[in-house]
Amino acid sequence: MPTDRAPLPVPSCPPETAPAPPVTSLYIGPIGRKDETCPLTMRALALETIASFGRQCAIAYTDGSSTRGTGNGGYGIYLLWPDGSTTRKCGPVGERTCSYECELTAVTECLKIVIEKQQQGAALPSVVILTDCRALVQALGDSRSENVGEAVQLADHLLKTEGVQTTVQWIPSHIGIFGNEIADELANEGRRMPQPRKPLTLADARSILRHGTAKLWNAAQVTDDERIPRFQEARKARDLLQNLPRSDAVQIFRARAKHTLLLADRARHGWSATAACRLCGEQEESIAHVLTECRELADVRPGGWPTVPLNEILWCGNRVAMTTAATMMRKFLQRAMR
Ligand SMILES: [Zn+2]
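Start counting the sequence shown at 1; every next residue gets the next number (full-length UniProt numbering).
Now the structure itself:
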């Protein structure tokens, strides 16, 4: 798992001034599950839905894809303007990225094109963005979603500054809709471009874990029905946390989440002006420092400690290592707060 992580998105403004999400729709007509509905019916319903938006608005087909869900990503945009002209755009998303991020990038880039067009005097009444990513349509329509920030801000800007209403409409993929096929091809072209290095987002990390686990399960020939019970069993067996005394478990849990009372963690959140060790003043007051380096804690650190890397102390099932780590954290905090 790559370690260069993108920071978790946080709302950039209080809820009362938050941008209004775009209009979203997952509905194209009375269809059942994709595999139960005839593709021709789905195609007809999708085309009818697209036609219902009228000829005055810009219609944008967006698509994103990544290689096997975790590798090189690309996005594609095919825009039909009311005057009959078209715009095509594609680009790479990143070396390690998931399809969701690619789909989101397609929508974000598309909104930028529309803003630019409008600023050049296009006088569009509205734009309809068509995507085959249901999760993205849902996220964009939910004002509590945090991982769609820029797209929602751009849609809000389009509405409030340029007077253009954005609608995001889900359409099924691979049913032979011309614009959708072009966006799909463009996304594939984007995938083959030189890829930028970008930090891993939460969605990317989830996708890498999901695909990695699926690969392991498949290799072990574990069926879908067996997976959840086996996962729960494995978790129970491995994670000693719930068997530790509560005060130890709390320390280990905080250390794992990097939410301890140590200054390195507090400084990261802006709650402390300094991260220097309160006991020795020499280095950053981090978990690693407390457990393995700080000389002011040498008297409580067992000889030969640590015998394993930090992550293994916090995550392994070694009871002695975990309780010792918890004791050291507690001792350190007692001394630091004296
Ligand atoms: Zn120290």
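We put the CB at the ideal spot given by N, CA and C, even for glycine.
Roughly how many angstroms lie between the CA atoms of GLN119 and ALA205, to the nearest whole one? The count along the sequence shown starts at 1 and reaches residue 119 at position 119. The count along the sequence shown starts at 1 and reaches residue 205 at position 205. The straight-line gap from Cα to Cα measures roughly 37 Å.
ASP63 - containing beta strand (DSSP E), residue span: Looking up residue 63 in the sequence shown gives position 63. Unbroken beta strand (DSSP E) run through ASP63: 58-66.
Measuring CB atoms only, is the stretch 163-178 touching the stretch 29-49, in the sense that at least three cross pairs come out at less than 8 Å? yes
LEU130 in three-state terms, based on DSSP: The residue labelled residue 130 in the question sits at position 130 within the sequence shown. Strand, per DSSP.
Under 8 Å between C-beta atoms of ALA203 and ILE129: Here residue 203 refers to the residue found at position 203 when the sequence shown is read from its first residue. Here residue 129 refers to the residue found at position 129 when the sequence shown is read from its first residue. No, the Cβ-Cβ distance between ALA203 and ILE129 is not below 8 Å.
By Cβ distance, which residues of its chain are closer than 8 Å to THR323, with the 5 residues on each side in sequence left out? Taking the first residue of the sequence shown as 1, we reach residue 323 at position 323. Cβ within range, chain order: LEU244, PRO245, ASP248.
Give the DSSP-derived three-state secondary structure of PRO2 in the structure shown. Position 2 of the sequence shown holds residue 2. Here PRO2 sits in coil by DSSP.
Is any heavy atom in ligand 1 found nearer than 7 Å to the beta carbon of LEU279? Here residue 279 corresponds to residue number 279 of the sequence shown, with the count starting at 1. Checking every heavy atom of ligand 1 against the Cβ of LEU279, one is found closer than 7 Å.
When the Cα of GLN334 is compared with those of ALA276, ALA273, LEU262, which residue comes out closest? Taking the sequence shown and counting its residues from 1, the one referred to as residue 334 is at position 334. Nearest of ALA276, ALA273, LEU262 to GLN334, Cα basis: LEU262.
Between the beta-carbon of PRO21 and the beta-carbon of GLY141, is there less than 8 Å? Along the sequence shown, one-based indexing puts residue 21 at 21. Along the sequence shown, one-based indexing puts residue 141 at 141. Taking 8 Å as the Cβ cut-off, PRO21 and GLY141 qualify as a contacting pair.
Between ALA255 and the rest of its own chain, which residues show a CB-CB distance below 8 Å, the 5 nearest in sequence each way excluded? Translated into the one-based positions of the sequence shown, residue 255 becomes position 255. Correct list, in chain order: ILE287, LEU314, ALA325, MET329.
Just tell me which of CYS102, GLY54, ALA336 has its CA closest to the CA of GLY76. One-based indexing of the sequence shown puts residue 76 at position 76. Ranking the options by Cα distance to GLY76, first place goes to CYS102.
Can you check which of these residues, ILE113, ILE171, GLN138, is closest to VAL23 by C-alpha distance? Position 23 of the sequence shown holds residue 23. Among ILE113, ILE171, GLN138, the Cα nearest to that of VAL23 belongs to GLN138.
Can you check which of these residues, PHE253, LYS198, GLY304, is closest to THR105 by C-alpha distance? For the purposes of this step, residue 105 is taken as the residue at position 105 of the sequence shown. Answer by Cα proximity: LYS198.
So what does ILE77 bridge to, in DSSP terms? Here residue 77 refers to the residue found at position 77 of the sequence shown. Partner(s): THR62, LYS89.
Distance between GLN169 and CYS133 (C-alpha atoms, nearest Å): Taking the sequence shown and counting its residues from 1, the one referred to as residue 133 is at position 133. Taking the sequence shown and counting its residues from 1, the one referred to as residue 169 is at position 169. Roughly 10 Å separates the two Cα atoms.
For GLN195 versus GLU95, is the C-beta distance shorter than 8 Å? Sequence index remark: in the sequence shown, residue 195 carries index 195 (1-based). Sequence index remark: in the sequence shown, residue 95 carries index 95 (1-based). Yes.
What does the alpha-carbon distance come out to for the pair CYS294 and GLY281? On the sequence shown, residue 294 is found 294 positions in, with the first residue counted as 1. On the sequence shown, residue 281 is found 281 positions in, with the first residue counted as 1. Rounded to the nearest angstrom, the two C-alpha atoms are 9 Å apart.
Using CA atoms only, rank isn't needed, just tell me which of VAL114, ALA187, HIS211, ASP4 is closest to GLN165. Along the sequence shown, one-based indexing puts residue 165 at 165. Taking only the C-alpha atoms, the option nearest GLN165 is VAL114.
Cross-strand partners of GLN334 (DSSP beta bridge): Taking the sequence shown and counting its residues from 1, the one referred to as residue 334 is at position 334. Beta-bridge pairing links GLN334 to no other residue.
Can you determine whether any heavy atom of ligand 1 sits closer than 7 Å to the C-beta of GLU233, and answer yes or no? Taking the sequence shown and counting its residues from 1, the one referred to as residue 233 is at position 233. No, the Cβ of GLU233 stays beyond 7 Å of every heavy atom of ligand 1.
Expressed to the nearest angstrom, what Euclidean distance is found between the alpha-carbon atoms of ARG301 and THR97? Counting from one through the sequence shown, the residue named residue 301 turns up at place 301. Counting from one through the sequence shown, the residue named residue 97 turns up at place 97. C-alpha separation (whole angstroms): 41 Å.
Reduced DSSP secondary structure (H/G/I, E/B, other) of TRP170: Here residue 170 corresponds to residue number 170 of the sequence shown, with the count starting at 1. TRP170 falls in the strand class under three-state DSSP.
Note down the Cα distance separating THR292 from PRO2, rounded to an integer number of angstroms. One-based indexing of the sequence shown puts residue 292 at position 292. One-based indexing of the sequence shown puts residue 2 at position 2. C-alpha separation (whole angstroms): 24 Å.
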